[in-house]
Ligand SMILES: [Zn+2]
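Numbering (the numbering used here), first residue to last: 17 to 320.
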C-alpha cells in the first residue's frame, strides 16, 4: 500500500507496518494513494543493524548528553514515534580522468657565505646552509575510480541531513529482495535521478581535488589547476536504513526531527533548546567566574 504525506510530500510504502503519522514531519495528514510506480526499483539494500530498542538506546543517550540545555518537553515526547525507514538513495560510481598542471617545487640546500660583524667591529666571513625551492612546471593525467558517492533520493530527508548520517558501510550491500524490507516503512524514490546524478558528479569532482593535492609530486606545489571528465558513470538505486524520530513535542512549535544511521548508530538532528536552562547555565558560569575573581583579589590583598 502506498501513502503520501499531505504535509511534506514523502511517498511511503508500508509492508506490514501500521503508522498514523509521517515519520519525517510528524504530520497526521497521511493519505492512502493508489500504487503508482514512479521511481525505479531498488537494486541493492543495506540492512538495519538493530531493532527499535537498539535505536531507542542511541536516541536516549544522544538526548541525555544534551539534557542540560534541551527543552524538557523533548524528554517527555514519546519515543514510540521512532520509525525505521528504508530510505531511497543513489549510489554513484564513475571513472574520473583529470588533466592537471602545476608548478612543482623541489627543495635543495646550498651553502652560502655571509659577513658577520663581531661586537668589537671586526668582520669575518662565515658560511651557512640554506634550503631553497626550485619550481618547474608539470602537466599530467590522473585516473581515479569513484565508488562511494551516495545521494539522498528522498523528498522527506534533504541531502544535507543525509550527508551528516554518512558514512554507510557499503561493503554490506545486498541484492534487493522484497523480503528484506518487509516489516519496515519503505520510502519511494522521489527525487529526479538526473538531478541526483548532477549532485553526485559535483561531489565526485570535488573529491578529485583532494586526491590530486596528495598525488602531485615534489616537496611543494603551487598554481594547481585541473579539469576532470567523468566516464563510465553509473547510478544504482539502493535503500539505506535510517531511524527517524519526528515529534511535535509542543503544539506551538515546529516538529523536531532526529535521524539515526540504522547501520552505524550515528545520530544527527537539532535539539530544541530550553531558554531558561541556557540562561541558568550562563548565569551559573558567570557566578563561578565572579567567585574566582573575588577569591584571587581577596588573597592578593596585603596583610595589615
Ligand atoms: Zn511528512
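All C-beta atoms, glycine included, are put in the ideal place defined by N, C-alpha and C. The model shown is predicted, which means the values in this text are computed figures rather than measured ones.
Inset, instruction - Identify whether residue 79 lies in helix, strand or coil by the three-state DSSP scheme. - result: Numbered from its first residue, the chain shown carries residue 79 at position 63. The answer is helix: DSSP assigns residue 79 an H, G or I state.
Legend entry - Buried/exposed call for residue 37, threshold 16 Cβ in 10 Å: Residue mapping note: residue 37 aligns to position 21 of the chain shown, counting from 1. With 16 or more Cβ atoms within 10 Å of its Cβ, residue 37 is classed as buried.
Legend entry - Among 147, 246, 208 and 219, the one whose alpha carbon lies nearest that of residue 253: Locating residue 253 in the chain shown gives position 237, where the first residue counts as 1. Distance from the Cα of residue 253 is smallest, within the candidate group 147, 246, 208 and 219, for 208.
Inset, instruction - Please say whether residue 294 and residue 285 have beta carbons closer to each other than 7 Å? - result: Here residue 285 refers to the residue found at position 269 when the chain shown is read from its first residue. Here residue 294 refers to the residue found at position 278 when the chain shown is read from its first residue. Not in contact: residue 285 and residue 294 (Cβ atoms no closer than 7 Å).
Inset, instruction - Report the rounded CA-to-CA distance for residue 299 versus residue 291, giving the unit in angstroms. - result: Translated into positions along the chain shown, residue 299 becomes position 283. Translated into positions along the chain shown, residue 291 becomes position 275. Rounded to whole angstroms, the gap between the alpha carbons of residue 299 and residue 291 is 12 Å.
Inset, instruction - Can you tell me which of 116, 121 and 145 puts its alpha carbon nearest to the alpha carbon of residue 129? - result: Numbered from 1 along the chain shown, position 113 holds the residue referred to as residue 129. The candidate whose alpha carbon is nearest that of residue 129 is 145.
Inset, instruction - Compare the Cα-Cα distances from residue 69 to each of 27, 199, 78 and 98 and report the closest residue. - result: The residue labelled residue 69 in the question sits at position 53 within the chain shown. That would be 98, whose Cα lies nearest to the Cα of residue 69.
Legend entry - CA nearest to the CA of residue 265, picked from 219, 24, 43 and 29: Taking the first residue of the chain shown as 1, we reach residue 265 at position 249. Nearest of 219, 24, 43 and 29 to residue 265, Cα basis: 43.
Inset, instruction - Take the Cβ of residue 162 as the centre, count every other Cβ of all protein chains shown within 10 Å, and call the residue buried at 16 or more, exposed below. - result: Working through the chain shown from its first residue, we reach residue 162 at position 146. Within a 10 Å sphere around the beta-carbon of residue 162 sit 16 or more other beta-carbons, which makes this residue buried.
Legend entry - Bridge partners - residue 70, DSSP secondary structure assignment: Within the chain shown, the letter at position 54 stands for residue 70. Partner residues in a beta bridge of residue 70, as assigned by DSSP, do not exist.
Legend entry - Contact set, ligand 1 heavy atom to C-beta under 6 Å: For ligand 1, the selected residues are 21, 23, 24, 26, 38, 40, 41 and 43.
Legend entry - Contacts around residue 271, its chain only, beta-carbon distance under 6 Å, and the 5 residues preceding and following it disregarded: As a first step, residue 271 is located in the chain shown; it is residue number 255 there, counting from the start. Once the five neighbours on either side are set aside, the close Cβ partners of residue 271 are 41, 42, 262 and 264.
Legend entry - Rounded straight-line distance, which links the Cα of residue 63 to that of residue 195: Within the chain shown, the letter at position 179 stands for residue 195. Within the chain shown, the letter at position 47 stands for residue 63. Taking the straight line joining both Cα atoms gives about 11 Å.
Legend entry - Between the CA atoms of residue 116 and residue 18 - distance to the nearest angstrom: Mapped onto the chain shown, residue 18 falls at position 2. Mapped onto the chain shown, residue 116 falls at position 100. Approximately 49 Å, taken between the alpha carbons.
Inset, instruction - On a CA-only basis, which of 191, 215 and 22 is nearest residue 9? Give me that one, please. - result: Outside the displayed range of the chain (17 to 320) lies residue 9, so it cannot be described from this structure.
Legend entry - Burial state of residue 304 (16 or more Cβ within 10 Å): Working through the chain shown from its first residue, we reach residue 304 at position 288. It is exposed - the Cβ of residue 304 has fewer than 16 other Cβ atoms within 10 Å.
Inset, instruction - Kindly indicate which residue of 288, 302 and 312 has the alpha-carbon position closest to the one of residue 84. - result: The residue given as residue 84 occupies position 68 in the chain shown. Taking each of 288, 302 and 312 in turn and checking the Cα distance to residue 84, the smallest one comes out for 288.
Legend entry - Neighbourhood of residue 255 by C-beta, 8 Å cutoff - its chain only, sequence neighbours within 5 removed: As a working mapping, residue 255 is identified with position 239 in the chain shown. In the same chain as residue 255, and ignoring 5 residues on each side of it, the C-beta atoms closer than 8 Å to its own belong to 58, 60, 61, 62, 102, 103, 104, 105, 192, 197 and 202, in chain order.
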